[in-house]
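J.:
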Amino acid sequence: MKALCVSDKVVDFLYDPAVVTKAGDVNIIFSCGDLPYYYLEYLLTVLNVPLYYVHGNHDPQVEYTPGGEGMTGPGGGVDLDTKVVEVNGLIVAGLQGSIRYKQEGSFQHTQFEMWLKVLRMVPRLFYNRIFKGRALDVLITHAPPLNIHNGNDYVHQGFASFLWLMRKFKPRYLLHGHHHVYSHTEQTVTCYYQTIVNNVYPYKILNLNLD
Ligand SMILES: [Zn+2]
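If you use this note's numbering, the sequence shown closes out at 241, no skipped numbers anywhere.
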């Protein structure tokens, strides 16, 4: 399965009809958050493939169109937060948001709150392991796991519960954003037990190989 993965920053040449020459053969779009809903809707419409997303900490509760219409997410996309679903034979799950760093603000969670969200997915992951032979293929998150691709500040610290989830349920991939990458020498792909952790900022086209 070939996936266009986007996060955190609008890429001008993707927000253009020429995106079909770059990504016209992808089967699915994954968004790891902090992106305008109109941008994701554009990609979904032009590429005509399913969009699965999680919210980032900078996403608004409501984004308004020029016509004044309120949108709580990209139209036609599937909000994956705390869900485990199967799409085209791929088992995908999502966990939105960043570490809570302000009292106010949507899509921020304490470490404890993220543990609770992870635990809510556990029955379905066990079900998949028993009846499908594997718990999870791709986990989409906004923030990274703790101590993998984290920033130097508290805001860009990752979640400890993601490490446990990877050790316990062995997803093939964890795709995240949140931490912006400005240097080609910075590490954006890390193997953790049996999971490839990939920071997709601002976009990557990935062959998600399950063999
Ligand atoms: Zn973020």
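Glycine is no exception: its CB is placed at the ideal position from the N, C-alpha and C atoms. This one's a predicted model, so the numbers in the text were calculated from it and none came from an experiment.
Would TYR231 and ARG197 be called neighbours here (beta carbons separated by less than 7 Å)?
T.: As a position in the sequence shown, residue 231 is number 201, starting the count at 1. As a position in the sequence shown, residue 197 is number 167, starting the count at 1. In this structure, ARG197 does not lie closer than 7 Å to TYR231 by Cβ.
J.: Which first and last residues belong to the beta strand (DSSP E) in which THR51 is found?
T.: If you number the sequence shown from 1, residue 51 lands on position 21. Looking at the DSSP string, THR51 is not in any beta strand (DSSP E); the run it does join, the alpha helix (DSSP H), is 49-53.
J.: Along the chain, where does the beta strand (DSSP E) that runs through ILE170 open and close?
T.: Numbered from its first residue, the sequence shown carries residue 170 at position 140. From DSSP, the beta strand (DSSP E) with ILE170 extends over 168-171.
J.: Can you look up ILE178 in the DSSP assignment and give me helix, strand or coil?
T.: In the sequence shown, residue 178 corresponds to position 148, counting from 1. Coil.
J.: Excluding the 5 residues preceding and the 5 following PRO66 in the sequence, name in chain order all residues of the same chain whose CB lies nearer than 7 Å to its CB.
T.: Here residue 66 refers to the residue found at position 36 when the sequence shown is read from its first residue. So the qualifying residues of the chain are VAL40 and GLU93.
J.: May I have a chain-ordered list of the beta strand (DSSP E) segments no shorter than 3 residues that lie completely inside the region 97-172?
T.: Qualifying beta strand (DSSP E) stretches, in chain order: 114-117, 120-125 and 168-171.
J.: Let me know the secondary structure DSSP gives THR75 once reduced to three states.
T.: Taking the first residue of the sequence shown as 1, we reach residue 75 at position 45. Looking at THR75 - three-state DSSP - the assignment turns out to be helix.
J.: Could you work out which residue in PHE156, ARG202 and VAL227 is closest to ASN239 when comparing CA atoms only?
T.: As a first step, residue 239 is located in the sequence shown; it is residue number 209 there, counting from the start. The option with the nearest alpha carbon to ASN239 is ARG202.
J.: Closer than 8 Å by C-beta to ASP77: which residues in its own chain qualify, once you throw out the five before and the five after it? Chain order, please.
T.: In the sequence shown, the residue the question calls residue 77 occupies position 47. This sequence places Leu at residue 77; Asp is not what is there. Excluding positions up to five away in sequence, the list reads LEU34, VAL49, VAL50, ALA53, GLY54, VAL56 and ILE59.
J.: Please classify ASP89: is it buried, with 16 or more other beta-carbons within 10 angstroms of its beta-carbon, or exposed?
T.: By 1-based counting over the sequence shown, the position of residue 89 is 59. Buried, by the Cβ-count rule.
J.: Per the contact definition of three or more C-beta pairs closer than 8 Å, is the region 167-175 in contact with the region 201-221?
T.: Short answer: they touch.
J.: Count the other CB atoms within 10 Å of the CB of PHE43; is the residue buried (16 or more) or exposed (fewer)?
T.: For the purposes of this step, residue 43 is taken as the residue at position 13 of the sequence shown. Counting Cβ neighbours within 10 Å, PHE43 comes out exposed, since fewer than 16 surround it.
J.: Alpha carbon to alpha carbon, what distance is there between VAL148 and GLY156?
T.: Counting from 1 along the sequence shown, the entry for residue 156 is found at position 126. Counting from 1 along the sequence shown, the entry for residue 148 is found at position 118. For clarity, residue 156 is Phe in the given sequence; the question names Gly instead. So the two alpha carbons sit approximately 13 Å from each other.
J.: Can you give me the start and stop residues for the alpha helix (DSSP H) that LEU34 sits inside?
T.: Here residue 34 refers to the residue found at position 4 when the sequence shown is read from its first residue. Segment 32-36 is the beta strand (DSSP E) holding LEU34; no alpha helix (DSSP H) there.
J.: In three-state DSSP terms, what is TYR231?
T.: As a position in the sequence shown, residue 231 is number 201, starting the count at 1. Of the three classes helix, strand and coil, the one that applies to TYR231 here is coil, per DSSP.
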